[in-house]
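Notes to accompany the following structure.
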Amino acid sequence: MKDKQRLFRIGEISKIYHLPVKTLRFYSDCGLLTPAYIDPSSGYRYYSIDQFVRIDIIRNSKRMNMSLEEIAEIMEHDLQASDIADVIEKQIDVMNQKIKEYEKMRDSMSVISQIIREAVAVQINTPYIGQESKQYYQSYPYQSTTPEEQEINFRKVALGSGEESEHVYSLYGVSTSADAYFKGEGIINPDIRNYMSDASTPNVCVQPAGEYACIVFDDNVYQKEQYYRRLTDFIQNENRKTIGDFTEEWIIPRIQDGKESTLIKLKIQVN
1383 MKDKQRLFRI GEISKIYHLP VKTLRFYSDC GLLTPAYIDP SSGYRYYSID
1433 QFVRIDIIRN SKRMNMSLEE IAEIMEHDLQ ASDIADVIEK QIDVMNQKIK
1483 EYEKMRDSMS VISQIIREAV AVQINTPYIG QESKQYYQSY PYQSTTPEEQ
1533 EINFRKVALG SGEESEHVYS LYGVSTSADA YFKGEGIINP DIRNYMSDAS
1583 TPNVCVQPAG EYACIVFDDN VYQKEQYYRR LTDFIQNENR KTIGDFTEEW
1633 IIPRIQDGKE STLIKLKIQV N
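Numbered per this note's numbering, the sequence shown finishes at 1653, counting up by one with no gaps.
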């Protein structure tokens, strides 16, 4: 092998660049970094000094979140400095968009964290009267009369609204017909609600601020009716009259003892 003393074995390159050998082999297999020489008898791979710059370009491009296909395209063309500036600026635009997406995710996480803190600050399973702020929400007319229907309808809304792209957790819930419940017809949910902080959202609805009878509980979906009874008994004992329908806010789901359990705030406006 000519000028073998100027070549570096794959293990040496791995140590210099802190790259796993399998990564260098992968770059070779996909055509990004073909060894300068492969010993036919031993199969050892050798790299030249000229390829150091190629490795630098790959590493820097990966740091800019470029795909292997995009990196390969750069490698295949003799780019001028201005061309490289164009590539960098394109990646800046991509990163700025990602930053916006991460900011939305961060904000949604901050909101739900605060909601959880406020919910667990009250005595769980104990009804109370409290002042509630105005809330904004979008209403989706999927009526549910059973927990199974409700779970399916919720996923129709959540998966159809693009939640995954912007939010880690969104606050969802339902309304419950107070008229039907007080007539003994059970829990009937006329809609699925997606609560939000932005009043300018299209088709936004408003839940008014005011005095509400509330109960926060953490339980399985099949156990909800007992909390409705507990809250309505409390309202009667307090000699209060209800205004409008019940609402449920599904604050955070989790798994307990192998079953679903959700922290829920159930409330209805009273006077």
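Glycine is no exception: its CB is placed at the ideal position from the N, C-alpha and C atoms.
Of the residues the options, the one placed nearest residue i, counting alpha carbons only
| i | options | result |
| --- | --- | --- |
| P1584 | I1395, A1562, Y1519 | Y1519 |
| I1633 | L1648, D1438, G1640, T1624 | L1648 |
| E1455 | R1388, P1417, C1412 | C1412 |
| F1599 | S1552, A1503, S1521, S1526 | A1503 |
| T1644 | I1569, N1507, M1446 | N1507 |
| L1389 | S1424, T1416, E1452, S1430 | S1430 |
| M1578 | V1652, D1489, I1570 | D1489 |
| C1596 | Y1610, R1391, D1468 | Y1610 |
| I1440 | T1416, G1425, E1530, S1492 | T1416 |
| V1469 | A1581, E1485, K1480, S1449 | S1449 |
| E1642 | E1620, N1602, Q1651 | N1602 |
| N1576 | A1591, S1424, G1542, V1435 | G1542 |
| E1458 | R1436, M1446, D1421, R1445 | R1436 |
| S1396 | L1613, F1434, A1463 | F1434 |
| Q1651 | Y1604, I1637, E1593 | E1593 |
| H1400 | R1427, D1438, S1423, A1418 | D1438 |
| S1511 | P1635, N1619, D1639 | A small fix is needed here, since residue 1511 is Ile in this sequence, not Ser. When only C-alpha atoms are compared, the closest one is N1619. |
| Y1563 | L1613, A1591, M1487 | L1613 |
| S1521 | E1514, D1573, F1616, N1442 | D1573 |
| K1486 | E1630, D1580, K1606, I1617 | D1580 |
| V1588 | P1422, S1423, G1626, S1526 | G1626 |
| Y1604 | E1530, S1552, V1539 | E1530 |
| I1617 | P1509, G1568, A1467, Q1638 | P1509 |
| T1527 | M1491, Q1505, G1568, A1540 | G1568 |
| L1553 | Q1525, A1591, S1492 | S1492 |
| Y1409 | D1421, P1422, R1427 | R1427 |
| I1497 | Y1551, V1403, Y1484 | Y1551 |
For residue i, the three-state DSSP class (helix, strand or coil)
| i | result |
| --- | --- |
| R1636 | strand |
| M1578 | strand |
| L1553 | coil |
| I1570 | coil |
Bounding residues of the alpha helix (DSSP H) (the contiguous stretch that carries residue i)
| i | result |
| --- | --- |
| Q1608 | 1607–1619 |
| Y1563 | 1560–1564 |
Environment of residue i [buried if 16+ CB atoms lie within 10 Å]
| i | result |
| --- | --- |
| F1628 | buried |
| T1624 | buried |
| I1453 | buried |
| A1501 | buried |
| N1535 | buried |
| N1571 | buried |
| K1516 | exposed |
| T1558 | buried |
| V1476 | exposed |
| G1555 | buried |
| D1561 | exposed |
| K1606 | buried |
| E1394 | exposed |
| I1646 | buried |
Residue i: first and last residue of the uninterrupted beta strand (DSSP E) it sits in
| i | result |
| --- | --- |
| G1592 | 1592–1601 |
| V1539 | That residue, V1539, is in no beta strand (DSSP E); its alpha helix (DSSP H) goes 1529–1542. |
| S1643 | 1641–1652 |
| Q1589 | 1587–1589 |
Short CB-CB distance (under 8 Å) between residue i and chain D
| i | result |
| --- | --- |
| T1624 | Note that chain D does not occur in the displayed structure, where there is just one protein chain. |
- Item | Minimum length 3: unbroken beta strand (DSSP E) runs contained in the stretch 1458–1522 | For the stretch 1458–1522, whole beta strand (DSSP E) runs of length 3 or above, ordered along the chain, are 1510–1514, 1517–1522.
- Which whole runs of the alpha helix (DSSP H) in the stretch 1413–1449 are 4 residues long or more, in chain order? Runs of the alpha helix (DSSP H) inside the stretch 1413–1449: 1432–1445.
- Which full runs of the alpha helix (DSSP H) of 4+ residues lie inside the stretch 1386–1415, going along the chain? 1392–1399, 1403–1411
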